[in-house]
Amino acid sequence: MNRPTDDDCIFCSIVAGDIPSHTVYEDDEVLAFLDVNPLAPGHTLVIPRGHYPTFGDAPNTSLSAVFDTIGALTPAVERAVAADASNVGFNNGPASGQEVPHLHGHIIPRFEGDGGRPLHAVGGRPPDLADDEFEEIATSIADEL
Ligand code: DGP
């Protein structure tokens, strides 16, 4: 199958087998491997084989496969490292902190008292929205679908 690839992308090099990784799962659509700079033991990345920088670039087949894999892998990762919980998330675009421009989900095991923070810690200054602004934003999002 012809998938987009980027010669300058480190994750495409991992998909191609040119850079080694600690693979934990692979199939026709996705690859999952340990993060080289783990935030916790078992920190796992799940990527589509195709080079799609963000959600907006990826076809549904790749997105579905990535989410199915994350769903199956997350409890397995937790059991493997005896984690109490996990954070699962994506940096989606450079302004969010995404450093590798190839879509990837992070599965980060969490342990009671590990000093980490919830996903809510990633946001900037929270906006103070009135009810009509919530409604306007919700409508705008729905209109964009
Ligand atoms: P992000 O900020 O969401 O783009 O995270 C990129 C992650 O990718 C970061 O946690 C480190 C990891 N990473 C970068 N280069 C490599 C690599 O060559 N191998 C592996 N296994 N992980 C990598």
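Counting with my numbering, you get residues 495 to 639 for the letters of the sequence shown. Where a beta carbon is used, it is the ideal one built from N, C-alpha and C, also for glycine. This one's a predicted model, so the numbers in the text were calculated from it and none came from an experiment.
Can you check which of these residues, the options, is closest to residue i by C-alpha distance?
i    : options                : result
P498 : P588, D637, F561, R543 : R543
A559 : G591, P569, T568, D522 : D522
V616 : N554, G536, V571, V582 : V582
F584 : L557, G610, D502       : L557
I504 : S590, A577, H545, A534 : H545
A589 : A574, E572, G618, P532 : G618
I528 : S507, G591, A552, I601 : Just to set this straight, residue 528 is Leu in the shown sequence, not Ile. Out of S507, G591, A552, I601, I601 has the C-alpha closest to the C-alpha of L528.
E572 : L525, G591, T538, E520 : T538
G599 : F628, L525, F605       : L525
V540 : T563, E606, D500       : T563
L533 : V509, P621, R611       : R611
E520 : N531, V530, I508       : I508
I want to check one thing, is the minimum distance from the CB of residue i to the heavy atoms of ligand 1 below 7 Å?
i    : result
D608 : no
V530 : yes
V571 : no
I631 : no
E593 : yes
I508 : yes
S634 : no
For residue i, which residues in the same chain have their Cβ closer than 6 Å to its Cβ, ignoring the five residues on either side in sequence?
i    : result
N586 : T548, F549
Any heavy atom of ligand 3 closer than 7 Å to the CB of residue i?
i    : result
E627 : Ligand 3 is not among the ligands present in this structure, which contains only ligand 1.
Alpha carbon to alpha carbon, how far is residue j from residue i? Give it in angstroms, no decimals.
i    : j    : result
D637 : P514 : 43 Å
G511 : V518 : 14 Å
A552 : L597 : 8 Å
H614 : P595 : 23 Å
N496 : D626 : 46 Å
V530 : H516 : 9 Å
Mark residue i as exposed unless 16 or more other C-beta atoms lie within 10 angstroms of its C-beta, in which case mark it buried.
i    : result
S634 : exposed
Cutting at 8 Å between CB atoms, please list the residues of its own chain near residue i, excluding the five before and the five after it.
i    : result
S580 : T568, V571, E572, I601, I602, P603, R604
I631 : L623
E593 : N585
Can you name, in chain order, every residue of its own chain whose Cβ lies under 7 Å from the Cβ of residue i, other than the five neighbours on each side?
i    : result
G536 : V571, A574, V575, A577, P603
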